[in-house]
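>
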Amino acid sequence: MILAAEEYNPVLPHVAEIIIGLIAFLLLFWVLRKFVVPRFEKLYEERAAKIEGGIEKAEKAQAEAEQALEQYKAQLAEARTEAAKIRDDARLEAEQIKEELRVEAQEEARRIVTQGEAQLQAQRSQIVAELRAELGRNSIELASRIVGEALEDEARRRGTVDRFLAELDASGNGAAGARN
Amino acid sequence: MGALVLAAGDVFTPPTAEAFNLPPIFGWVTKPMLLIVLSVVIILAFFLLASRKLSVVPGKRQFLVESAYDFGRNNIAREQIGAADFMRFVPLILALFSFVLVNNLFGIVPILQFPTMSHIGFPLALSVLVVYPVYHYAGIRKHGLGKYLKNQLVPPGAPKLVYLLLTPIEFFTKFVMNPITLAIRVFAAMFAGHLLIMLFGISAEYLLLHGDGVIKVVSAFSFAGALAMTFIEALIMCIQAFIFALLSANYIGAALAEDH
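Chain order of the listed sequences is A and B. 1494 is the number of the first residue of the first sequence in this note's numbering; add one for each residue after it. 5 is the number of the first residue of the second sequence in this note's numbering; add one for each residue after it.
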């Protein structure tokens, strides 16, 4: 085939070379198309997906973080108003309790004062009565000693003493009234 | 290869196109045929092994492979075809680019040392039997035959009379010349480059073996020339592979475009 030509002409193609060249090329093309190109394209798709997925994920995380921040801020504000309200309530309540205690204490004081006065009054009456009896007896004894005679006459005696006491009473009352 | 051409003996025979006429290695199998098969094995091994365990966060090695893949996918296919339709054509553009690139680079790999694309049959197979039908088919499928032909042959915005000239030129370009120029571009670059390297190499060898006295020193320059050409060829091989894939994508993009 090649040797048959008397003189070699490089511009004239050999049919065998065209055929072999074509078959070899088509084989190469087929394998590249069937295996190599899909592998690379799959890789590129994966890479693109990964990058896009990463960006999306980051955006989502950021949105979530922002939302959480908003939520915290809202909660914080709520807690603050709540605390202020509780403080106000407490102050109000304390004020009320103080007022109540004050009123109660005043009442108690008044009661104690009244009671003390009443007791004092009673003791004074008692003492006055005791003193009156004591004074009567002492006066009589003193008088009988001084006079030297026993006042046998009951009627007389009672009359004298009563008179004396009435006088004493009047003078005592007069003194008490002046003191008051 | 040098020895093959140098068989004539003392007289210097520059390499000719005959140097590309390689005898079969066994049966009817020639060196370029084996190289073509080898290139497919290399490319597939590279991409299949590298893409076996791809992770979302690439390591150093994966980054390298991804760069190679992305070059075909984004820099060539997406740029030329447009973001809407390019995905369908990524395997094709990737295959074209890697196929032409590896086969070109065989030209400077020791032992292999033969750019497969310097045999015009291979680039022709790609351009006429693969790229050409693909872009016409893609265009017809998208626009329908009538609208596709109108898009391609009657670009809007020209005065009526100009179409008399423009339409035949457009037809000639898109339906006849595109696939041929696409193949010839890479073929010619590889053919000429390989011939140049051979010329420098063979002349250096000849000067060293058969030169008299001081002339032997000149062979060093010839060696240096061969070395420099090898570097330039490496660049051209990559550029040609890139152009081949780029133009293929460009044709597809033009066929899919709404208007010219």
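Glycine included, C-beta positions come from ideal geometry on N, C-alpha and C.
(1) Could you check the C-alpha separation between B/L250 and B/P137 for me, to the nearest Å?
(2) So A/I1513 contacts chain B; which residues on that side make the cut at Cβ distance below 7 Å?
(3) Verify the CB distance criterion: does B/Y73 have a CB-CB separation below 9 Å to chain A?
(4) Restricting to runs no shorter than 4 residues, where is the alpha helix (DSSP H) found entirely within the region 63 to 97 of chain B?
(5) Terminal residues of the continuous alpha helix (DSSP H) containing B/G125?
(6) Could you pull the DSSP bridge partners for B/F30 from this structure?
(7) Whole angstroms is fine: what's the gap from A/A1541's alpha carbon to B/V61's?
(8) Quick one: grab the DSSP three-state call for B/R56.
(9) Spell out whether any CB of chain B is found under 9 Å from the CB atom of A/L1536.
(10) Where B/S87 and A/K1566 are concerned, what is the direct C-alpha to C-alpha distance, given to the nearest angstrom?
(11) Quick check: B/N107 and B/I184, are their CB atoms within less than 9 Å of each other?
(12) Quick one, which residues of the region 1522 to 1549 of chain A are near chain B if we go by CB-CB under 7 Å, in chain order?
(13) With 16 other CB atoms within 10 Å as the buried threshold, where does A/N1631 fall?
(14) Does the CB of A/A1551 have a neighbour CB from chain B at under 9 Å?
(15) Quick one: residues in its chain with C-beta nearer than 6 Å to the C-beta of B/A7, no 5 flanking neighbours on either side, listed in chain order?
(16) In chain order, what residues of the same chain lie with their CB nearer than 7 Å to the CB of A/V1529, ignoring the 5 residues before and after it?
(17) Contact criterion: CB-CB distance below 9 Å. Does A/E1575 meet it with respect to chain B?
(18) If we call anything under 9 Å between Cβ atoms a contact, is B/F227 one with A/E1510?
(19) Can you list the residues of chain A that B/F195 reaches, using a CB-CB cut of under 7 Å?
(20) Against chain A, does B/F90 count as a neighbour if the rule is that its beta carbon must be under 9 Å from one of theirs?
(21) Would you kindly work out how many angstroms separate the C-alpha atoms of A/L1519 and B/I201, rounded to a whole number?
(22) With 7 Å as the C-beta to C-beta threshold (strictly closer), list the residues of the region 100 to 113 of chain B near chain A in chain order.
(23) Under a CB-based cut-off of 9 Å, is B/M5 close to chain A?
(24) Closer than 9 Å between beta carbons: that is the criterion. Which residues of the region 1571 to 1596 of chain A meet it against chain B?
(25) Taking its Cβ as the centre, do 16 or more other Cβ atoms sit within 10 Å of B/Y141, making it buried, or is it exposed?
(26) Below 9 Å between beta carbons: does that hold for B/A238 and B/I115?
(27) State the start and end residues of the unbroken alpha helix (DSSP H) segment that holds A/R1526.
(28) I need the straight-line Cα distance from B/G150 to B/S43, nearest angstrom please.
(29) Taking the straight line between their C-alpha atoms, what separation do you get for A/I1605 and A/S1618?
(30) 9 Å is my cut-off, CB to CB: does B/R77 come that close to chain A?
(31) Measure the CB-CB distance between B/V158 and B/T171 and report whether it falls below 9 Å.
(32) Under a CB-based cut-off of 9 Å, is A/E1510 close to chain B?
(33) Under a CB-based cut-off of 9 Å, is A/P1506 close to chain B?
(34) Buried or exposed for A/N1502, going by 16 or more other Cβ atoms inside 10 Å?
For this structure:
(1) The residue labelled residue 250 of chain B in the question sits at position 246 within the second sequence. The residue labelled residue 137 of chain B in the question sits at position 133 within the second sequence. One Cα belongs to B/L250, the other to B/P137, and the distance between them is close to 16 Å.
(2) The residue you call residue 1513 of chain A lines up with position 20 of the first sequence. Going along chain B in sequence order, the residues near A/I1513 (Cβ under 7 Å) are M37 and I40.
(3) Position 69 of the second sequence holds residue 73 of chain B. Judged by the 9 Å Cβ criterion, B/Y73 is in contact with chain A.
(4) DSSP runs (the alpha helix (DSSP H)) wholly in the region 63 to 97 of chain B: 64 to 74.
(5) Residue 125 of chain B sits at position 121 when you count from the first residue of the second sequence. That run of the alpha helix (DSSP H) goes G125 to L130.
(6) Start at 1 with the first residue of the second sequence, and residue 30 of chain B comes out as number 26. Per DSSP, B/V33.
(7) Counted from its first residue, the first sequence places residue 1541 of chain A at position 48. Counted from its first residue, the second sequence places residue 61 of chain B at position 57. The alpha-carbon atoms of A/A1541 and B/V61 are separated by roughly 11 Å.
(8) Within the second sequence, the letter at position 52 stands for residue 56 of chain B. Coil, per DSSP.
(9) As a first step, residue 1536 of chain A is located in the first sequence; it is residue number 43 there, counting from the start. Interface residue, yes.
(10) The count along the second sequence starts at 1 and reaches residue 87 of chain B at position 83. The count along the first sequence starts at 1 and reaches residue 1566 of chain A at position 73. Note that residue 87 of chain B corresponds to Ala in the displayed sequence, not to Ser. Answer to the nearest angstrom: the Cα atoms are 50 Å apart.
(11) Here residue 107 of chain B refers to the residue found at position 103 when the second sequence is read from its first residue. Here residue 184 of chain B refers to the residue found at position 180 when the second sequence is read from its first residue. Result no, Cβ atoms of B/N107 and B/I184 do not sit closer than 9 Å.
(12) Only those residues of the region 1522 to 1549 of chain A whose C-beta falls short of 7 Å from the nearest C-beta of chain B are listed: F1522, V1524, L1525, R1526, F1528, V1529, V1530, R1532, F1533, L1536, E1539, R1540 and K1543.
(13) Counting from 1 along the first sequence, the entry for residue 1631 of chain A is found at position 138. Burial state of A/N1631 is exposed, judged by a 10 Å Cβ sphere holding fewer than 16 other Cβ atoms.
(14) Within the first sequence, residue 1551 of chain A is the residue found at index 58, counting from 1. The C-beta of A/A1551 comes no closer than 9 Å to any C-beta of chain B.
(15) As a working mapping, residue 7 of chain B is identified with position 3 in the second sequence. Confidence in B/A7 is poor, its pLDDT being 44 and thus under 50, which makes the residue's placement unreliable; the coordinate value appears in the next sentence. No residues qualify anywhere along the chain.
(16) Start at 1 with the first residue of the first sequence, and residue 1529 of chain A comes out as number 36. Here the set comprises nothing.
(17) Numbered from its first residue, the first sequence carries residue 1575 of chain A at position 82. For A/E1575, the answer is no, since every Cβ of chain B falls outside 9 Å of its Cβ.
(18) Here residue 227 of chain B is taken as the residue at index 223 of the second sequence, counted from 1. Here residue 1510 of chain A is taken as the residue at index 17 of the first sequence, counted from 1. No. Outside cutoff.
(19) Here the question's residue 195 of chain B lines up with position 191 in the second sequence. The contacting residues are P1503.
(20) Position 86 of the second sequence, counted from the first residue, corresponds to residue 90 of chain B. No, B/F90 lies away from the interface with chain A (no Cβ there is under 9 Å from its Cβ).
(21) Against the first sequence, residue 1519 of chain A aligns to sequence position 26. Against the second sequence, residue 201 of chain B aligns to sequence position 197. Rounded to the nearest angstrom, the two C-alpha atoms are 31 Å apart.
(22) From the region 100 to 113 of chain B, only F103 have a Cβ closer than 7 Å to chain A.
(23) Residue 5 of chain B sits at position 1 when you count from the first residue of the second sequence. Because the pLDDT of B/M5 is 42, which lies under 50, any placement of that residue in the model is unreliable, and the number read from its coordinates should be weighed accordingly. Closer than 9 Å: no.
(24) Correct list: empty, as no residue qualifies.
(25) As a first step, residue 141 of chain B is located in the second sequence; it is residue number 137 there, counting from the start. Residue environment: B/Y141 is assigned as exposed (fewer than 16 neighbouring CB atoms within 10 Å of its CB, all protein chains considered).
(26) To locate residue 238 of chain B, count along the second sequence from 1; it is residue 234. To locate residue 115 of chain B, count along the second sequence from 1; it is residue 111. In this structure, B/I115 does not lie closer than 9 Å to B/A238 by Cβ.
(27) For the purposes of this step, residue 1526 of chain A is taken as the residue at position 33 of the first sequence. Premise fails: A/R1526 is in no alpha helix (DSSP H) and is neither H nor E.
(28) Sequence index remark: in the second sequence, residue 150 of chain B carries index 146 (1-based). Sequence index remark: in the second sequence, residue 43 of chain B carries index 39 (1-based). Taking the straight line joining both Cα atoms gives about 40 Å.
(29) Here residue 1605 of chain A refers to the residue found at position 112 when the first sequence is read from its first residue. Here residue 1618 of chain A refers to the residue found at position 125 when the first sequence is read from its first residue. In this structure, the CA atom of A/I1605 is about 20 Å from the CA atom of A/S1618.
(30) In the second sequence, the residue the question calls residue 77 of chain B occupies position 73. Using a CB distance cut-off of 9 Å, B/R77 counts as an interface residue toward chain A.
(31) Within the second sequence, numbered from 1, the residue matching residue 158 of chain B stands at position 154. Within the second sequence, numbered from 1, the residue matching residue 171 of chain B stands at position 167. The answer is yes: Cβ separation under 9 Å.
(32) Counting from one through the first sequence, the residue named residue 1510 of chain A turns up at place 17. At a cut-off of 9 Å between beta-carbon atoms, A/E1510 makes contact with chain B.
(33) Mapped onto the first sequence, residue 1506 of chain A falls at position 13. Yes, A/P1506 counts as interfacial toward chain B.
(34) Taking the first residue of the first sequence as position 1, residue 1502 of chain A is located at position 9. Note on A/N1502: under 16 other CB atoms within 10 angstroms of its CB, so exposed under the neighbour-count rule.
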